[in-house]
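A short worksheet on the structure shown next.
Numbering (the working numbering), first residue to last: 1 to 279.
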C-alpha cells in the first residue's frame with residue numbers, strides 16, 4: 001500500500017525511488033493542470049501558487065492501476081475529490097511526458113493513467129495530479145497562495161560598497177537564472193548594472209563572484225551549476241557592462257556554505273544566491 005500522503009510533501013508509493021534532479025519547488029509558480037482530453041485535444045487549466053513537482057521510479061512488479069489507486073485512496077482520506085481521470089490503452093490520449101514540469105503530458109497511448117482533483121488545505125485549495133506510466137510516476141501539487149509583493153529590494157552600488165567595507169561581501173537576491181541552468185534572465189540586468197557601477201567607482205576593487213545552490217541534487221552537479229552561474233555573471237559584466245577582464249573572478253561552492261536550513265522551502269531559497277566577495 002502507498003504511504004500516507006501529505007499535501008505538500010507526498011510520501012511516494014512504497015518502494016518507489018525519487019528522481020531528485022527532476023524535483024521542482026516554488027513558493028509561487030505557475031503550472032498547467034490537465035483537466036480532460038476530447039476530440040484529439042488536451043484540456044488544461046493554468047494555476048498559480050505554491051508548486052511541488054516530483055518524479056518517482058516505479059517499484060518492480062507493480063501495475064500502473066495499483067499505484068494510481070493507492071494515491072487516490074490516500075488522498076481521498078484527506079478530503080480529496082477526483083475531478084477527472086483516465087485509464088490505459090489510449091483513454092488518456094496523447095499526453096507526452098516531455099512536458100510534465102509544465103503540468104502537461106504523460107505519454108502516447110499505452111499503459112498510461114492519470115487523475116486530477118482538489119482538496120481543502122489551510123484555508124485554501126490544494127490541486128493534486130498524479131500520472132503513472134510503466135516505469136515512472138509523477139505527482140504535481142499546487143497550493144493556492146497569494147503572491148507576496150514588495151519582496152525585491154534593489155541593492156544599489158552604494159549598498160554594495162557599504163556591505164563589502166563592513167563584511168567583505170554581499171549576497172544579491174536579484175540575480176535570476178532559468179530553472180536548473182546557468183542562463184541569466186533579463187531581470188538580472190539591474191543588479192549587474194549596479195555591480196558594474198560599484199567597480200567603476202572603486203577602480204582598485206577586485207571581486208570574486210561566488211555561486212551558491214541548495215542541497216537538492218548531487219554535490220558534483222550543484223558545484224558545476226554554481227560555478228557555471230558565477231561564470232555567466234562574470235561574462236555578462238565583461239561583455240555587456242564594460243567591466244575589465246580579470247576584475248571579477250568566478251567561483252562556485254554549490255551547497256557547501258548555506259545561510260539557512262535546506263530542510264525548508266524558505267531555507268533553500270535563501271541558499272540559492274550569488275555573492276560578491278572582495279579579494
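All residues carry an ideal CB built from backbone N, CA and C; glycine is no exception.
Name the DSSP beta bridge partners of residue i, please?
i: residue 275; result: 171, 210
i: residue 86; result: 114
i: residue 159; result: Residue 159 pairs with nothing; no bridge assigned.
i: residue 120; result: 125
i: residue 42; result: 37
Drop a sphere of 10 angstroms on the beta-carbon of residue i, count the other beta-carbons inside from all chains shown, and report buried for 16 or more, exposed for fewer.
i: residue 14; result: exposed
i: residue 214; result: buried
i: residue 185; result: exposed
i: residue 41; result: exposed
i: residue 179; result: exposed
i: residue 259; result: exposed
i: residue 268; result: buried
i: residue 120; result: exposed
i: residue 183; result: exposed
i: residue 60; result: exposed
i: residue 226; result: buried
i: residue 31; result: buried
i: residue 12; result: buried
i: residue 100; result: Its pLDDT being 47, under 50, residue 100 is placed unreliably in this model, and the coordinates cannot settle the point.
i: residue 108; result: Caution applies to residue 108, whose pLDDT of 49 falls short of 50 and renders its modelled position unreliable; the model cannot decide the point.
i: residue 293; result: Because residue 293 is not part of the residues shown, which for the chain are 1 to 279, the question remains open.
i: residue 129; result: buried
i: residue 158; result: exposed
i: residue 232; result: buried
i: residue 74; result: buried
i: residue 142; result: buried
i: residue 79; result: exposed
i: residue 16; result: buried
i: residue 168; result: exposed
i: residue 281; result: The structure shown does not extend to residue 281, since the chain is modelled only from 1 through 279, so no value can be given for it.
From this set, the options, which residue's C-alpha is nearest residue i's C-alpha?
i: residue 28; options: 79, 44, 49; result: 49
i: residue 53; options: 80, 63, 18; result: 18
i: residue 173; options: 165, 61, 156, 167; result: 156
i: residue 33; options: 111, 251, 140; result: 140
i: residue 276; options: 245, 205, 269, 35; result: 205
i: residue 219; options: 167, 252, 193, 237; result: 252
i: residue 274; options: 191, 23, 84, 30; result: 191
i: residue 22; options: 43, 55, 236, 187; result: 55
i: residue 278; options: 238, 195, 265; result: 195
i: residue 63; options: 47, 81, 83, 87; result: 87
i: residue 116; options: 68, 133, 255; result: 68
i: residue 246; options: 255, 234, 164, 16; result: 234
i: residue 242; options: 70, 133, 200; result: 200
i: residue 248; options: 254, 257, 237; result: 237
i: residue 77; options: 202, 136, 118, 187; result: 118
i: residue 164; options: 127, 134, 209; result: 209
i: residue 132; options: 160, 36, 161, 65; result: 65
i: residue 224; options: 187, 181, 240; result: 181
i: residue 244; options: 216, 264, 271, 198; result: 198
i: residue 162; options: 202, 257, 26; result: 202
Look up residue i in the DSSP assignment and say whether it is helix, strand or coil.
i: residue 250; result: strand
i: residue 55; result: strand
i: residue 234; result: helix
i: residue 196; result: helix
i: residue 12; result: coil
i: residue 259; result: coil
i: residue 181; result: coil
i: residue 3; result: Any reading at residue 3 is ruled out, since the residue's pLDDT is 37, under 50, leaving its predicted position unreliable.
i: residue 205; result: coil
i: residue 134; result: coil
i: residue 215; result: coil
i: residue 191; result: helix
i: residue 268; result: helix
i: residue 227; result: helix
i: residue 186; result: helix
i: residue 19; result: coil
In the DSSP assignment, the beta strand (DSSP E) including residue i goes from what residue to what residue?
i: residue 34; result: 24 to 38
i: residue 244; result: Where residue 244 is concerned, there is no enclosing beta strand (DSSP E), given that its DSSP letter is neither H nor E.
Quick check on the DSSP output: the alpha helix (DSSP H) that includes residue i runs from which residue to which?
i: residue 155; result: Here residue 155 belongs to no alpha helix (DSSP H), and DSSP marks it neither H nor E.
i: residue 69; result: 64 to 76
Examine the ligand MG and report whether any of its heavy atoms sits within less than 7 Å of the Cβ of residue i.
i: residue 170; result: Absent from the structure shown: the ligand MG. Ligands present: none.
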